[in-house]
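Q: After the structure tokens below, expect a handful of questions from me.
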Amino acid sequence: MIVARPEPTFWDRIYIVEALRGLALTSRHFFVNMWAHTVHLLFRIKTRTETVTIQYPEEHRPFALRLRTRHRLTTREDGSPRCVACMMCETICPARCIYIVAGEHPDPNIEKYPVQFTIDIGKCVFCGFCVEACPEDAIRMDTGILDLASYTREGMVFTKDQLMKA
16 MIVARPEPTF WDRIYIVEAL RGLALTSRHF FVNMWAHTVH LLFRIKTRTE
66 TVTIQYPEEH RPFALRLRTR HRLTTREDGS PRCVACMMCE TICPARCIYI
116 VAGEHPDPNI EKYPVQFTID IGKCVFCGFC VEACPEDAIR MDTGILDLAS
166 YTREGMVFTK DQLMKA
């Protein structure tokens, strides 16, 4: 079904009214918050909950328990990754950002292990499907690391060793 879009009026096309409405809204928030902070500063009276600025590098907001942050690989007691290279996480990933190369494990009780395990965080959508699909609980997204910036695309690709250190 095609919905006909109404033709914009003259006032809609020049955006003056909308710009003034936006300016009025911003000014109202500024002066209301300035008044509330001034009253609290001078008289120690809490009029309402003021807008709070968090000083980011020094202060952090409390995380929700269900927040998905950077990936990590869990390890066994001997320090090897718990991953058995079953390819479930690579298969279910909608962004196709997980790459695994499997190899035969020297221990006969363990069938395979990841020779190479990389995650391209630049492509990742943080859906958590990889965590849910893993039968060995080898991959988790509970590191609490939110700073994922890098100057290069190669810096956004994390290898098996980097994921095990997180």
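Each number in the numbering used here corresponds to the 1-based position in the sequence shown with 15 added. For every residue, glycine included, the Cβ atom is placed at its ideal position computed from N, Cα and C.
Which residue wins for smallest C-alpha separation from Tyr166, given the options Gly137, Gly143, His75 and Pro150?
A: Residue 166 sits at position 151 when you count from the first residue of the sequence shown. That would be Gly137, whose Cα lies nearest to the Cα of Tyr166.
Q: Should the stretch 125–137 be called in touch with the stretch 48–57, which here means at least 3 C-beta pairs below 8 Å?
A: These segments do not touch.
Q: Please list the segments of the beta strand (DSSP E) lying wholly inside the stretch 101–127, counting only runs of 3 or more residues, in order along the chain.
A: 113–119
Q: Three Cβ pairs or more, each shorter than 8 Å: is that satisfied between the stretch 80–91 and the stretch 155–174?
A: yes
Q: Would you mind sorting Ile160 into buried or exposed? The rule is 16 or more other CB atoms within 10 Å of its CB.
A: Against the sequence shown, residue 160 aligns to sequence position 145. It counts as exposed.
Q: If you draw a straight line from the C-alpha of Phe78 to the C-alpha of Ala19, how long is it?
A: Walking along the sequence shown from the start, residue 78 turns up at place 63. Walking along the sequence shown from the start, residue 19 turns up at place 4. One alpha carbon belongs to Phe78, the other to Ala19, and they sit about 44 Å apart.
Q: Pick helix, strand or coil for Ile60, following the three-state DSSP scheme.
A: Residue 60 sits at position 45 when you count from the first residue of the sequence shown. In the structure shown, Ile60 sits in coil (DSSP, three-state: anything other than H, G, I, E or B).
Q: Over the uninterrupted alpha helix (DSSP H) stretch that includes Lys180, give me the two end residues.
A: The residue you call residue 180 lines up with position 165 of the sequence shown. First-last of the alpha helix (DSSP H) with Lys180: Lys175 to Lys180.
Q: In this structure, what does DSSP give as the bridge partners for Val172?
A: Start at 1 with the first residue of the sequence shown, and residue 172 comes out as number 157. Answer by DSSP bridge pairing, in chain order: Asp135.
Q: Comparing alpha-carbon positions, which option in Leu56, Thr24, Val146 and Glu73 lies nearest Met102?
A: For this step, residue 102 is matched to residue 87 along the sequence shown. Nearest option by C-alpha distance: Val146.
Q: Mind checking who Pro129 pairs with in its DSSP beta bridge?
A: The residue you call residue 129 lines up with position 114 of the sequence shown. Under the DSSP definition of a beta bridge, Pro129 partners with Ala117.
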